[in-house]
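Residue numbers (the working numbering), protein chains in the order written: chain A, 1 to 220; chain B, 1 to 220. Ideal placement from N, C-alpha and C gives every residue a C-beta, glycine not left out. Structure first, commentary second.
2 protein chains.
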Amino acid sequence: MTGQRRSFRREGEAQRRDDLIAAALDCIATGGPSGATVRAIADRAGVTPGLIRHYFTSKEDLISAAYSRLMTGMTEQSARVLTDSRASALGQLADFVAAAVTPPVVDPRAMALWAGFIHTVLIDDRMRTVHSESYLAFRDRLQGLICGALAEAGRPADAVRLRRLAIACNAVIDGLWLEGSALPEEFAEGELAEIALGSVAALLGLPPLTPTAPGPVARN
Amino acid sequence: MTGQRRSFRREGEAQRRDDLIAAALDCIATGGPSGATVRAIADRAGVTPGLIRHYFTSKEDLISAAYSRLMTGMTEQSARVLTDSRASALGQLADFVAAAVTPPVVDPRAMALWAGFIHTVLIDDRMRTVHSESYLAFRDRLQGLICGALAEAGRPADAVRLRRLAIACNAVIDGLWLEGSALPEEFAEGELAEIALGSVAALLGLPPLTPTAPGPVARN
DNA sequence: TGAATAATTGTGCAAGCGTATAATTTCAAA
DNA sequence: TTTGAAATTATACGCTTGCACAATTATTCA
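What follows is the structure, given as structure tokens:
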């Protein structure tokens with residue numbers, strides 16, 4: 001008769017906020033933005049809906065925190081490939097390109113999250129800024145690799161051409177990432193990486209690129 | 001006391017379906033998927049919510065019809081350049097590529113719509129089918145143009161290579177379309193078209209492509 | 001050990017959602 | 001002009017949503 005409440009543990013604020021953000025991302029990845037209801041998020045976090053309002057002033061607040069965390073995480077992941085590489089410039093470029101169109105970067109979950117948020121980028125200014133910054137950061141990194149690879153190959157390019165090459169290479173990578181994630185069954189394993197490497201080489205006027213890494217990068 | 005009903009006109013079935021689809025697209029472009037409620041769509045179409053269920057078996061049915069119309073519309077818009085073109089195969093390819101990364105195909109509204117839909121593609125099977133079909137339709141069209149252009153240049157390619165080239169060219173176009181639509185202020189006018197033409201030429205190993213059309217295509 | 005504090009739960013509410021369905025109005029054919 | 005069928009409106013229902021708030025529990029500190 002005593003409607004016994006469920007027992008619970010008090011977590012630190014940082015931990016709980018993190019858990020709720022992770023749960024929100026899970027929900028969005030699984031069921032899209034419309035599937036990320038307050039109740040669903042709380043459920044996934046093993047918590048009661050009311051608690052969300054204790055840590056976030058509104059659901060919108062939680063969602064925007066989740067987006068921020070997603071973008072930060074993706075940028076860090078793309079940077080990780082390069083941090084401890086001692087390959088040649090050409091090799092580094094090849095590794096970077098191959099990694100960008102191979103799991104875990106190509107991943108239905110990542111795609112679902114990106115798709116769930118991209119719409120808000122067009123409406124919300126804060127989101128737009130985050131998006132713009134992380135896009136340019138990625139492209140700048142790519143441009144640096146291209147610059148090094150061209151120099152190594154004895155075919156340096158001027159600034160204007162370099163910028164255009166970076167935009168084009170970035171576009172190929174984005175396009176392949178998109179198509180590979182949205183229609184995975186349409187491409188054989190490794191096919192996207194081969195196409196990406198061949199395309200970047202053709203765009204830069206370089207001989208075929210071969211990645212130095214033996215296989216796909218480890219997740220996380 | 002006589003709760004006088006609002007007067008109305010009977011439209012043909014095709015017309016009403018079109019109106020409702022257009023209204024749905026407007027709603028999604030403006031307020032995102034969550035803004036496209038049955039009531040909002042009916043309101044924008046100057047109609048009563050109940051009517052939607054008279055022409056579509058469910059809201060989901062209407063939404064997927066709208067997505068289909070958006071995608072085929074974009075492909076047709078790119079292909080319109082070709083309908084009465086008597087240009088060479090190389091010229092047709094150039095026109096097609098340039099049109100795909102130039103307004104009105106590159107357009108924040110189109111991007112907003114696409115972004116609103118893409119996440120459902122990963123979840124809903126019907127949406128997935130629509131996406132897959134329209135993606136392949138666009139790529140097939142592109143592949144046909146590439147095939148003709150390569151033949152004309154005396155460098156025919158076998159089927160496997162042709163497929164890969166089409167995937168790569170399609171990826172560049174998609175990527176440029178995405179970036180140009182999401183961050184329009186990042187690119188000078190005509191810059192995307194130049195990059196696209198240069199990239200496709202480099203990918204195919206052809207000399208620079210030059211469009212035959214004098215300028216951007218007229219809207220609609 | 002006991003009291004104070006803040007984290008967490010549980011309940012309830014008003015609004016909006018998609019949908020079913022009955023009541024009306026329009027329009028074309030007779 | 002009348003009639004009949006189909007298009008359209010109007011109303012209502014059950015469900016879900018985000019949010020507010022009071023009740024309760026775990027934890028800390030004296």
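request  = Return the CA-CA distance between A/A42 and A/V97, expressed in angstroms with no decimal places.
outcome  = On the first sequence, position 42 is the one that residue 42 of chain A refers to. On the first sequence, position 97 is the one that residue 97 of chain A refers to. Taking the straight line from one Cα to the other gives about 38 Å.
message = I'd like to know if B/I146 contacts chain A, where contact means its C-beta is closer than 8 Å to some C-beta of that chain.
response = One-based indexing of the second sequence puts residue 146 of chain B at position 146. Taking Cβ atoms only, chain A never reaches closer than 8 Å to B/I146, which makes this a no.
request  = Anything in the stretch 192-211 of chain B with a Cβ closer than 9 Å to a Cβ of chain A? List those residues in chain order, please.
outcome  = L192, E194, I195, A196, G198, S199, A202, L203, L204 and G205
task = Within its chain, find whatever has a CB closer than 7 Å to the CB of B/R44; leave out the 5 residues flanking it on each side and keep chain order.
result = Here residue 44 of chain B refers to the residue found at position 44 of the second sequence. Excluding sequence neighbours, B/R44 sits near A23, D26 and C27.
Straight-line gap, B/T212 to A/A193 (C-alpha atoms, nearest Å) = In the second sequence, counting from the first residue as 1, residue 212 of chain B sits at position 212. In the first sequence, counting from the first residue as 1, residue 193 of chain A sits at position 193. Spanning the two alpha carbons is a distance of roughly 34 Å.
task = Note down, in chain order, every chain A residue with its Cβ under 9 Å from the Cβ of B/L162.
result = For this step, residue 162 of chain B is matched to residue 162 along the second sequence. The premise fails here: B/L162 is roughly 13 Å from chain A at the closest Cβ pair, so nothing lies under 9 Å.
message = Need the endpoints of the alpha helix (DSSP H) that A/S7 sits in, please.
response = Locating residue 7 of chain A in the first sequence gives position 7, counting from the first residue. Where A/S7 is concerned, there is no enclosing alpha helix (DSSP H), given that its DSSP letter is neither H nor E.
key: Residue environment, A/Q15, which counts as buried when at least 16 other CB atoms sit within 10 Å   = On the first sequence, position 15 is the one that residue 15 of chain A refers to. The residue in question, A/Q15, is exposed, as its Cβ has fewer than 16 Cβ neighbours within 10 Å.
Within-8 Å CB hit, A/M111 to chain B = Position 111 of the first sequence, counting from 1, holds the residue named residue 111 of chain A. Interface residue, yes.
request  = Mind the definition here: the stretch 158-178 of chain B touches the stretch 169-179 of chain A only if three or more C-beta pairs lie below 8 Å; say whether that holds.
outcome  = yes
query = Any Cβ of chain A within less than 8 Å of the Cβ of B/V217?
reply = The residue labelled residue 217 of chain B in the question sits at position 217 within the second sequence. With a pLDDT of only 45 at B/V217, under 50, the local geometry of the prediction cannot be trusted, and no value is derived from it.
inquiry  = Under 8 Å, Cβ to Cβ, is there at least one residue of chain A near B/Y55?
reply    = Numbered from 1 along the second sequence, position 55 holds the residue referred to as residue 55 of chain B. Not an interface residue.
task = Anything in chain A within Cβ reach of B/S294, meaning under 8 Å, just list it in chain order.
result = Here chain B has residues from 1 to 220 only, and residue 294 of chain B is not among them.
ask   = Alpha carbon to alpha carbon, how far is A/G144 from A/A89?
value = On the first sequence, position 144 is the one that residue 144 of chain A refers to. On the first sequence, position 89 is the one that residue 89 of chain A refers to. Cα to Cα, the separation comes out at about 10 Å.
task = Mind checking which residues open and close the alpha helix (DSSP H) that includes A/I123?
result = Taking the first residue of the first sequence as position 1, residue 123 of chain A is located at position 123. Segment: none, A/I123 is in no alpha helix (DSSP H) and carries neither H nor E.
Neighbour list for B/I123 in chain A, Cβ cutoff strictly below 9 Å = The residue labelled residue 123 of chain B in the question sits at position 123 within the second sequence. Correct list: T30, G31, G32, G35 and A112.
inquiry  = Taking the straight line between their C-alpha atoms, what separation do you get for B/A166 and B/G12?
reply    = Reading the second sequence from its first residue, position 166 is the one you call residue 166 of chain B. Reading the second sequence from its first residue, position 12 is the one you call residue 12 of chain B. Cα to Cα, the separation comes out at about 41 Å.
task = List the residues of chain A that B/V172 touches, going by C-beta distances under 7 Å, in chain order.
result = Position 172 of the second sequence, counted from the first residue, corresponds to residue 172 of chain B. A168, A171, V172 and G175, listed in chain order.
request  = Run down chain B in chain order and give the residues with a C-beta less than 7 Å from the C-beta of A/P108.
outcome  = To locate residue 108 of chain A, count along the first sequence from 1; it is residue 108. Correct list: L122.
message = Let me see if you follow: with CB-CB separation under 8 Å, is B/L20 close to chain A or not?
response = Position 20 of the second sequence holds residue 20 of chain B. Chain A contact via Cβ: absent.
request  = Compare the C-beta of B/A157 with all C-beta atoms of chain A and state if any pair is closer than 8 Å.
outcome  = Within the second sequence, the letter at position 157 stands for residue 157 of chain B. With 8 Å as the cut-off, B/A157 does not count as an interface residue toward chain A.
message = Would you say B/L25 lies against chain A (beta-carbon separation less than 8 Å)?
response = Here the question's residue 25 of chain B lines up with position 25 in the second sequence. No, no contact with chain A.
Separation of A/C147 from A/P156, as counted between CA atoms = Start at 1 with the first residue of the first sequence, and residue 156 of chain A comes out as number 156. Start at 1 with the first residue of the first sequence, and residue 147 of chain A comes out as number 147. Taking the straight line from one Cα to the other gives about 7 Å.
message = Spatial neighbours of B/R6 within its chain, please: C-beta separation below 7 Å, excluding the five flanking residues on both sides.
response = Stepping through the second sequence from its first residue, residue 6 of chain B is reached at position 6. Around B/R6: no qualifying Cβ.
ask   = With C-beta atoms as the reference, is B/S233 less than 8 Å away from B/M111?
value = Examination of residue 233 of chain B is not possible in this model, given that chain B is present from 1 through 220 alone.
Neighbour list for A/E76 in chain B, Cβ cutoff strictly below 7 Å = Numbered from its first residue, the first sequence carries residue 76 of chain A at position 76. In chain order: nothing, as chain B lies at least about 22 Å away.
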